[in-house]
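Chemist: Quick one: this structure, given as structure tokens, is what I'll be asking you about.
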Amino acid sequence: MQRYFVKQQQNEQGEFIITDDNARHISKVMRMIVGDEIIVVHNNEAHICEISAIEQEVFARPTGKIIPSPEMPIQVTIACGLPKGDKLELIAQKGTELGMYALLPFAAERSIVKWDEKKGKKNQERLQKIAQEAAEQSHRTHVPDINFPISFKQLVQKFAEFDAIFIADEEDAKMAERTKFADKLKHVAARNATNILCIFGPEGGISRQESKAMLEAGAQTMSLGPRILRAETAPLYALSAISYEFE
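Quick look at the structure:
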């Protein structure tokens with residue numbers, strides 16, 4: 000059953016109004032007809048609906064059946080130092096499939112890529128669309144927010160918004176003795192934390208100066224094993240570990 004996210008409120012008849020690309024997908028691509036059932040996600044709830052009318056917009060009437068949410072019991076925001084190429088697209092897509100709540104790119108000291116302010120809004124919209132498509136495919140009820148890139152200073156200022164902050168530091172992987180990430184997650188669970196921030200560097204990793212600043216601001220390191228992971232692999236590893244621990 001096809002799944003569509005809608006932001007519009009229901010009309011006076013209690014029907015959901017599906018517009019733009021989603022409406023065209025229903026009528027032109029899927030060639031659905033009145034009476035067909037779809038899943039409409041609104042306000043983080045997945046409603047099984049029946050199509051009542053197909054015009055320029057599509058109207059869907061709720062059947063009263065709601066599908067249980069598959070969302071993680073804890074909100075995980077992924078902060079990535081701006082990587083090269085299409086790696087941010089990969090993180091947006093696969094991170095969404097793995098339960099990421101939001102993606103927060105930032106300009107790290109070792110980021111080679113510089114975000115083009117003129118094309119920034121368009122790039123953000125493309126990443127948001129990738130996240131929405133991945134959320135539909137993985138049957139989520141929440142589309143991760145893809146934020147506009149911020150500075151490192153702004154990132155640290157956001158620490159107060161989270162119950163726990165972890166940084167993936169490759170220097171930690173080189174240590175003979177490491178505290179397992181699973182053990183740190185158990186402490187987070189014991190505190191009944193509701194949201195955490197996981198920070199990853201770009202290809203060159205997190206600089207010593209950045210690491211020191213974040214640790215002083217309340218962050219802690221997370222060990223992702225003895226192997227050095229790529230910038231686009233580490234966030235997916237962490238999300239998998241968090242999913243295993245909490246789900």
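Quick note: the sequence shown, position 225, residue 224 per numbering that gives the first Met the number 0, numbers continuous. All residues carry an ideal CB built from backbone N, CA and C; glycine is no exception. Note that the structure is a prediction, hence the values are computed from the model and not measured.
1) Could you check the C-alpha separation between V289 and Y100 for me, to the nearest Å?
2) Is it buried or exposed, D119, if we count other Cβ atoms within 10 angstroms and call 16 or more buried?
3) Within the region 27-82, note down every full beta strand (DSSP E) run reaching 3 residues or more, in order along the chain.
4) Quick check: the region 44-55 against the region 126-134, are at least 3 beta-carbon pairs closer than 8 angstroms?
5) Specify, as a first and last residue, the run of the alpha helix (DSSP H) that Y3 falls within.
6) On the criterion of 16 or more Cβ atoms from any shown chain inside 10 Å, does G84 qualify as buried, or is it exposed?
7) Which same chain residues end up closer than 6 angstroms to E231 when comparing Cβ atoms and leaving out the 5 residues on each side of it in sequence?
8) So what does DSSP say about F147, is it helix, strand or coil?
9) Would you call the region 196-208 and the region 64-79 in contact, with 3 or more CB pairs under 8 angstroms?
10) Check F161 in the structure and name its three-state DSSP category.
11) Use the C-beta contact count for Y243: other C-beta atoms within 10 angstroms, 16 or more gives buried, fewer gives exposed.
12) In chain order, what residues of the same chain lie with their CB nearer than 7 angstroms to the CB of L228, ignoring the 5 residues before and after it?
13) What would DSSP say about T178, mapped onto helix, strand or coil?
14) K64: which of L81, E44, C79 and P82 sits nearest, CA to CA?
15) By the DSSP assignment, the alpha helix (DSSP H) with Q238 in it spans what residues?
16) Give the DSSP-derived three-state secondary structure of N21 in the structure shown.
17) Looking at the secondary structure, which residues open and close the alpha helix (DSSP H) in which H89 lies?
18) Rounding to the nearest angstrom, what Cα-Cα distance links D35 and M0 in this structure?
19) Can you list, in chain order, the residues of its chain with a C-beta nearer than 6 angstroms to that of M213? Leave out the 5 residues immediately preceding and following it.
20) Quick one: Cα of R23 to Cα of A107, how far?
21) Look up S210 in the DSSP assignment and say whether it is helix, strand or coil.
22) Straight-line CA distance for S110 to I32?
23) On the DSSP bridge assignment, give the partners of T102 in chain order.
24) Of all the options E246, D115 and K185, which has the alpha carbon lying nearest to the alpha carbon of L81?
Modeler: So, from the listed chains and residues:
1) The shown model of the chain, from 0 to 246, leaves out residue 289, and the question about it has no answer.
2) Correcting the residue type first, residue 119 is Gly in the shown sequence and not Asp. Counting Cβ neighbours within 10 Å, G119 comes out exposed, since fewer than 16 surround it.
3) 36-41, 44-53, 57-66 and 74-80
4) no
5) That residue, Y3, is in no alpha helix (DSSP H); its beta strand (DSSP E) goes R2 to F4.
6) exposed
7) K86, L89 and I90
8) coil
9) yes
10) coil
11) exposed
12) Y236
13) coil
14) E44
15) Here residue 238 is Leu; the residue named in the question, Gln, does not match the sequence. Segment A233 to F245, the alpha helix (DSSP H) holding L238.
16) helix
17) Just to set this straight, residue 89 is Leu in the shown sequence, not His. First-last of the alpha helix (DSSP H) with L89: K86 to E96.
18) 9 angstroms
19) I166
20) 40 angstroms
21) helix
22) 49 angstroms
23) Before going further, note that residue 102 is Leu rather than Thr in the sequence given. Answer is I77 and I145, bridged to L102.
24) D115
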